[in-house]
Amino acid sequence: MNRPPKKPQASATKLDQLVASARQNREARERDYREQALKLYPWVCGRCGREFNLQNLRELTVHHRDHNHDNNPADGSNWELLCLFCHDNEHQRQEEAARAKGGAIAGAKGPVATYNPFADLKAKLGQQD
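Take any residue in the sequence shown, count from 1 to its spot, add 3: that is its number in our numbering.
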């Protein structure tokens, strides 16, 4: 039995709805654990100690210690509050550690460079040990 091909617009619309729904669910989930974390912990960055108030609270983020955003225990044991700068630094450190171990990093393109331009610098400069 031959069926007519599906209309591309209908599937595109369905995909747009699915993506919008997924974003709304993620935002609601993030809102929930952020609100819980802000009730559990003092409004202080867990790394640098910077204190926050209502005027700058948007700069305080919830960091997942195990880097799994779906692991949100009610006791907050997988969370720590970090300022934007410390949060970015934590994720950068994680990426660098993964690169050092030769691991793949989400969003990384291509192989990691391993060439060391200074490996034989002494020889090039004509110095002896």
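A virtual CB, placed ideally from N, CA and C, is assigned to each residue, including glycine. Given the structure is predicted, the values throughout are model-derived calculations rather than measurements.
| Check | Outcome |
| --- | --- |
| Just the Cα atoms here: how many angstroms apart are alanine 101 and leucine 87? | 21 angstroms |
| Can you tell me whether histidine 90 is helix, strand or coil according to DSSP? | helix |
| Just checking, does the segment 120 to 131 make contact with the segment 90 to 105 on the three C-beta pairs under 8 angstroms criterion? | no |
| Can you round the beta-carbon distance between leucine 85 and histidine 66 to whole angstroms, since I take them to be within the 8 angstroms contact cut? | 5 angstroms |
| Report the partner residues of glutamate 138 according to the DSSP bridge assignment. | What the structure shows of the chain is the stretch from 4 to 132, and residue 138 is not part of that stretch, so it cannot be assessed. |
| In three-state terms, what does DSSP make of threonine 117? | coil |
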